[in-house]
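There are 2 protein chains.
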Amino acid sequence: MTEYKLALVGFGGVNRALAQLIAERNESWKKELGFTLKIVGVTDLFLGCVIGCEGLDAGQLANLPAVKGALAQLPGGDAEAFNEAVIKHSGADIVVEATFTNPVDGEPATSFCRWALEGSKHVVTTNKGPIALHAAELKDLARRNNVAFEYEGSVMSGTPVIRLAKQSLAGSSILGFEGILNGTSNFVLSSMEDGLGFAEAVSKAQELGYAEADPTADVEGHDVRLKVVILANELLDAKLNVSDVSCKGICGLNLSDIERARQDGARWKLIGAATRHADGSVSAHVEPRLLSNDHPLAGICGATNAVSFTTGLLGTVTVSGPGAGRTETAFALLSDIINIHQSVAHN
Amino acid sequence: MTEYKLALVGFGGVNRALAQLIAERNESWKKELGFTLKIVGVTDLFLGCVIGCEGLDAGQLANLPAVKGALAQLPGGDAEAFNEAVIKHSGADIVVEATFTNPVDGEPATSFCRWALEGSKHVVTTNKGPIALHAAELKDLARRNNVAFEYEGSVMSGTPVIRLAKQSLAGSSILGFEGILNGTSNFVLSSMEDGLGFAEAVSKAQELGYAEADPTADVEGHDVRLKVVILANELLDAKLNVSDVSCKGICGLNLSDIERARQDGARWKLIGAATRHADGSVSAHVEPRLLSNDHPLAGICGATNAVSFTTGLLGTVTVSGPGAGRTETAFALLSDIINIHQSVAHN
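Following this line, the structure appears as structure tokens:
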């Protein structure tokens, strides 16, 4: 039975949810997936770090108190986060990077990925920063070190979009995409359709845990812009930088805009989109768009995310599902690991 | 450069569209997909057959007149369809089965698949009959002969559903699915929402080429039932026979039902669904269901198809796209061949 040793970098909700899944499902994965997972290291700027080459107790980790330096309580633990040591020297086969997104330079996550790849460890991540800003470099580094670099969760949590496009739609000639890629802003727009003003709708999203204390990145489109860069580069071979994508959020929309749309049989949605032109160039935008009710994205309501691919052979294909959530995003990491297992098993 | 030799069995719209794609795209596939395709045999009950081990002209085949025995006009051609000879002795690596669906016993398509698999040829098919009725036997035959048996196009033409579920959603714990799996009946229901009566809506679907001269299999749910059997057996390991799936069509719905639903913020849809229960058993149904407008399938209008998967780790994930069409279904065959290529390349 194949066993993969994991080092978890960042131990917030997502990697905790992964630890919980390992605690609950490792036995059943033997038969279902053909492998098991063992956590050999954890590091987190707030919680400290721990290395346990023989395997740490996943259930105990999942239930670790969220107090500063908590990992020091475990055998082999320390209140300080020795990230580089855990990544390079815990004996991990796969480094699971799930720290916060830094939209400016992708750090420190990008360095974490670099250290792992240079050490010939596979990397799976849910972090938009390294992918939107440094994917080409990191993919090249992975190739040179003969390891995998997977990041399905960087766009729509566990809802398959990158692999759906690259595997299931291979050969279909993807010409572009339109997506609802931010659950918070879509929830706000849906709440405004129910009559709430913009500020009230944002407050409601915060109460329900969909929006951060500072909702700027969500409602101004900055979060969507990173995802558009990732998808355009991945699916359309676009080589875009973040600054190449025009970006306008939903703050300018008011209730009368929403109502006028309704009367016209349409809906406002915050859309991230990219199109490949006949000359091979790709243009990409984030902006509120008025979609008629028969548009495949018009019915995507609340915090759900969705992407419609425009293809040469198939017309429009749309996938929708959760775009956030701890377990949902942890599943993205699991699906990346499954993909690595299949590649390794085949090679 | 890998080249796969194809024998096309059944030369109606789908395999003609595949021949057209080969004529137009073979060169670009070298770089994009890493292989090219060569047609070495074609057989069709109406058109006759042809064998050409050195490769037949795909463009010429795509434009063949649709007259009885037309393949006799080509060098190596005959007005009679020697199916077994073309399948077994044309030197094909892959047999591309796209004949008509026989919902009673799956013949003659099932025999075509058997001959090919017994002869250690990979099989790709878009045909619901062999899969709904004989998948277990044929998959076992493929395994014993160490060849692939792929049938993505048997459910929603080229829109990925089987591989989406088996590859991208692996590990997510699929608990069940609900689908709009027949474009004709969904088009009829959408037209009734626009005010047409049932009979008028069926006529309109026939005029537009969505419905057959005899629309019974579409509007009575029989077509959906075969697809539910395929998906339930494939994704839920259900071992269902066609008779295990209760089946009720849309003929009993009238305009006042549709209007009452609209007033209640809901829509009637013909749904094919299956659920795995706690004891491991699977129940499956085809029936009109009243979906509230916020259900992920409520907005699927016209001839579009869609499936919502209920998963343990991800909640609901939905994919929608075309469910029919010549080129769209030919793409399903191409995607099956891509999958075979990736398995072969890996082994």
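Heads up: the sequence lines are chains A and B, in that order. All letters in the first sequence, in the order written, are residues 180 to 526 by my numbering. All letters in the second sequence, in the order written, are residues 180 to 526 by my numbering. C-beta: ideal position from N, C-alpha, C; glycine also. Note that the structure is predicted; figures quoted are calculated from it, not measured.
Best match in A:Val275, A:Phe279, A:Ala251 for proximity to A:Leu512 [C-alpha to C-alpha]: In the first sequence, the residue the question calls residue 512 of chain A occupies position 333. Considering only alpha carbons, the answer is A:Val275.
Under 7 Å from the C-beta of B:Asp473: neighbouring residues of chain A: Taking the first residue of the second sequence as 1, we reach residue 473 of chain B at position 294. Near B:Asp473 (Cβ distances below 7 Å), the residues of chain A are Cys480.
4 or more residues per run - each alpha helix (DSSP H) lying fully within the segment 189–213 of chain A: 192–212
Cβ contact (3+ pairs, closer than 8 Å) linking the segment 439–453 of chain A and the segment 322–329 of chain A: no
Residue-level contact to chain B via CB, A:Thr304, 8 Å cutoff: Along the first sequence, read from residue 1 onward, the residue named residue 304 of chain A stands at position 125. It does not: the Cβ of A:Thr304 has no partner Cβ on chain B nearer than 8 Å.
Straight-line Cα distance separating A:Ser364 from B:Val303: Counted from its first residue, the second sequence places residue 303 of chain B at position 124. Counted from its first residue, the first sequence places residue 364 of chain A at position 185. So the two alpha carbons sit approximately 43 Å from each other.
Residue range of the unbroken beta strand (DSSP E) whose run includes A:Glu357: Residue 357 of chain A sits at position 178 when you count from the first residue of the first sequence. Per DSSP, A:Glu357 belongs to the beta strand (DSSP E) from 353–359.
Proximal residues to A:Ser425 (C-beta, below 6 Å), its chain only, five neighbours per side dropped: For this step, residue 425 of chain A is matched to residue 246 along the first sequence. Once the five neighbours on either side are set aside, the close Cβ partners of A:Ser425 are His464.
Cα-Cα separation between B:Asp319 and B:Leu470, rounded to whole angstroms: In the second sequence, the residue the question calls residue 319 of chain B occupies position 140. In the second sequence, the residue the question calls residue 470 of chain B occupies position 291. Cα to Cα, B:Asp319 sits roughly 39 Å from B:Leu470.
Cβ of B:Gly494 within 8 Å of any chain A Cβ: Here residue 494 of chain B corresponds to residue number 315 of the second sequence, with the count starting at 1. Yes, B:Gly494 counts as interfacial toward chain A.
Ordered list of beta strand (DSSP E) runs contained in the segment 346–424 of chain B, each at least 3 residues: 353–359
Residues of its chain near A:Thr215, where Cβ-Cβ distance is below 7 Å and the 5 sequence neighbours each way are ignored: By 1-based counting over the first sequence, the position of residue 215 of chain A is 36. Same-chain partners within the cutoff: Met180, Glu182, Asn205, Trp208, Lys209.
Any C-beta of chain A under 8 Å from that of B:Glu507: Sequence index remark: in the second sequence, residue 507 of chain B carries index 328 (1-based). Yes, B:Glu507 counts as interfacial toward chain A.
Nearest-angstrom Cβ-Cβ length linking B:Leu492 and A:Glu507, presumed shorter than 8 Å: Stepping through the second sequence from its first residue, residue 492 of chain B is reached at position 313. Stepping through the first sequence from its first residue, residue 507 of chain A is reached at position 328. Their Cβ separation, rounded to whole angstroms, is 7 Å, which keeps B:Leu492 and A:Glu507 in contact under 8 Å.
Chain-ordered neighbours of A:Gly350 on chain B, where CB pairs are closer than 8 Å: By 1-based counting over the first sequence, the position of residue 350 of chain A is 171. Within chain B, the residues near A:Gly350 are Trp208, Glu211, Leu212, Phe510, Leu513, Ser514, Ile517.
Whether B:Thr305 touches B:Gly332 by CB criterion (8 Å): For this step, residue 305 of chain B is matched to residue 126 along the second sequence. For this step, residue 332 of chain B is matched to residue 153 along the second sequence. Yes.
Exposure of B:Pro254, with buried meaning 16 or more beta-carbon neighbours within 10 Å: Locating residue 254 of chain B in the second sequence gives position 75, where the first residue counts as 1. Its Cβ having fewer than 16 others within 10 Å, B:Pro254 is exposed.
Under 8 Å from the C-beta of B:Arg441: neighbouring residues of chain A: In the second sequence, the residue the question calls residue 441 of chain B occupies position 262. Residues of chain A passing the Cβ test: none, with the nearest at roughly 13 Å.
Heavy atom of the ligand SAH within 7 Å of A:Val340 beta-carbon: Ligands in the displayed structure: none, and consequently the ligand SAH is not present.
Close beta carbons around A:Gly238, own chain, < 7 Å, minus the five adjacent residues each side: Against the first sequence, residue 238 of chain A aligns to sequence position 59. Excluding residues within five positions, the ones whose Cβ falls inside 7 Å are Ala202.
Cβ contact check for the segment 331–346 of chain B and the segment 286–302 of chain B: 3 or more pairs under 8 Å: no
Endpoints, alpha helix (DSSP H) assigned at A:Pro287: Here residue 287 of chain A is taken as the residue at index 108 of the first sequence, counted from 1. Unbroken run through A:Pro287: none, as it is neither H nor E.
Neighbour flag for B:Val498 against chain A, beta carbons, 8 Å: For the purposes of this step, residue 498 of chain B is identified with residue 319 of the second sequence, where counting begins at 1. B:Val498 counts as touching chain A.
Given 8 Å, three or more beta-carbon pairs between the segment 232–248 of chain A and the segment 186–201 of chain A: yes
Where A:Ser347 meets chain B, residues with beta-carbon distance less than 8 Å: For the purposes of this step, residue 347 of chain A is taken as the residue at position 168 of the first sequence. Correct list: Pro339, Arg342, Leu343, Gln346, Ser347, Ser514.
Contact the segment 337–352 of chain B vs the segment 341–349 of chain A: 3+ CB pairs below 8 Å: yes
Proximity winner among A:Gly504, A:Ala260, A:Phe510, A:Phe356, relative to A:Gly189 (alpha-carbon distances): On the first sequence, residue 189 of chain A is found 10 positions in, with the first residue counted as 1. Of the candidates A:Gly504, A:Ala260, A:Phe510, A:Phe356, the one whose C-alpha sits nearest the C-alpha of A:Gly189 is A:Ala260.
Residue burial classification, B:Phe279 (beta-carbon count within 10 angstroms, cutoff 16): If you number the second sequence from 1, residue 279 of chain B lands on position 100. Its Cβ having fewer than 16 others within 10 Å, B:Phe279 is exposed.
Beta bridge counterpart(s) of B:Val496 as assigned by DSSP: Here residue 496 of chain B corresponds to residue number 317 of the second sequence, with the count starting at 1. Beta-bridge pairing links B:Val496 to B:Phe488.
Proximal chain A residues relative to B:Ala477, where beta-carbon distance stays under 8 Å: As a working note, residue 477 of chain B is residue 298 in the second sequence. In chain order: Gly478.
Contacts around A:Asn281, its chain only, beta-carbon distance under 6 Å, and the 5 residues preceding and following it disregarded: Reading the first sequence from its first residue, position 102 is the one you call residue 281 of chain A. Excluding positions up to five away in sequence, the list reads Gly308.
B:Ala288 versus A:Pro501: straight-line alpha-carbon distance, rounded: By 1-based counting over the second sequence, the position of residue 288 of chain B is 109. By 1-based counting over the first sequence, the position of residue 501 of chain A is 322. Going from the Cα of B:Ala288 to the Cα of A:Pro501 covers about 40 Å.
Alpha carbon of B:Thr489 to alpha carbon of B:Gly358, nearest angstrom: Indexing the second sequence from 1 puts residue 489 of chain B at position 310. Indexing the second sequence from 1 puts residue 358 of chain B at position 179. Cα to Cα, B:Thr489 sits roughly 11 Å from B:Gly358.
Nonlocal neighbours in the same chain, by C-beta distance under 7 Å from A:Arg608, ignoring five residues either side: Past the boundaries of the shown model lies residue 608 of chain A; chain A is included only from 180 to 526, so the question cannot be answered.
Cβ separation of B:Leu296 and B:Ala314, assumed to be a contact under 8 Å, to the nearest whole Å: Locating residue 296 of chain B in the second sequence gives position 117, counting from the first residue. Locating residue 314 of chain B in the second sequence gives position 135, counting from the first residue. At roughly 12 Å, the Cβ-Cβ gap does not stay under 8 Å, so B:Leu296 and B:Ala314 are not in contact.
A:Glu259, DSSP secondary structure in three states: Numbered from 1 along the first sequence, position 80 holds the residue referred to as residue 259 of chain A. Three-state DSSP puts A:Glu259 in coil, outside helix and strand.
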